[in-house]
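Residue numbers (the UniProt record's numbering): 1 to 108.
Worksheet: one structure, shown below.
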C-alpha cells in the first residue's frame with residue numbers, strides 16, 4: 001500500500017513531493033512518519049495543529065516531513081529520523097482564499 005500524507009491539501013505520496021500549482025512531481029525526497037498513537041498528549045497536538053475536527057488517525061496514516069521544522073529531525077548516516085518529541089507545525093491555511101495565497105507564495 002503506498003504511503004501518502006494525511007494533510008488534506010498535501011499531495012505528497014510514495015516518496016515524491018508534488019508542486020502545488022503545476023501538479024507535477026518535484027525532484028525532492030519525502031519521508032513519511034506515523035502518528036504517535038501510543039502517546040495521547042502528543043497525538044492530540046498533532047491533530048490539533050492539522051485543524052481536522054472530529055478526526056482520529058489510524059496506524060495506516062502518516063504525515064510527510066514537509067509539516068515538520070528542521071529541528072524536529074536527527075540526521076544519522078544520511079538518514080532523517082523524527083525526534084520522539086517532534087510536533088508538526090507547518091500546515092497550509094484551511095480557508096480557501098488563504099490557500100490560494102499560500103500556493104502562490106510557493107511558486108515564487
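Glycine residues also receive a C-beta, built at the ideal position from the N, C-alpha and C atoms.
Inter-segment contact for the segment 35-44 and the segment 65-80 is absent: fewer than three beta-carbon pairs are separated by less than 8 Å.
Residue 92 is positioned such that its CB atom lies no closer than 8 Å to that of residue 68. Restricting attention to 71, 66, 33, 10, the CA atom closest to the CA of residue 59 is found in 33. Looking at the DSSP output, residue 73 sits in a beta bridge with 82.
Take the alpha-carbon of residue 74 and the one of residue 83: they are about 6 Å apart.
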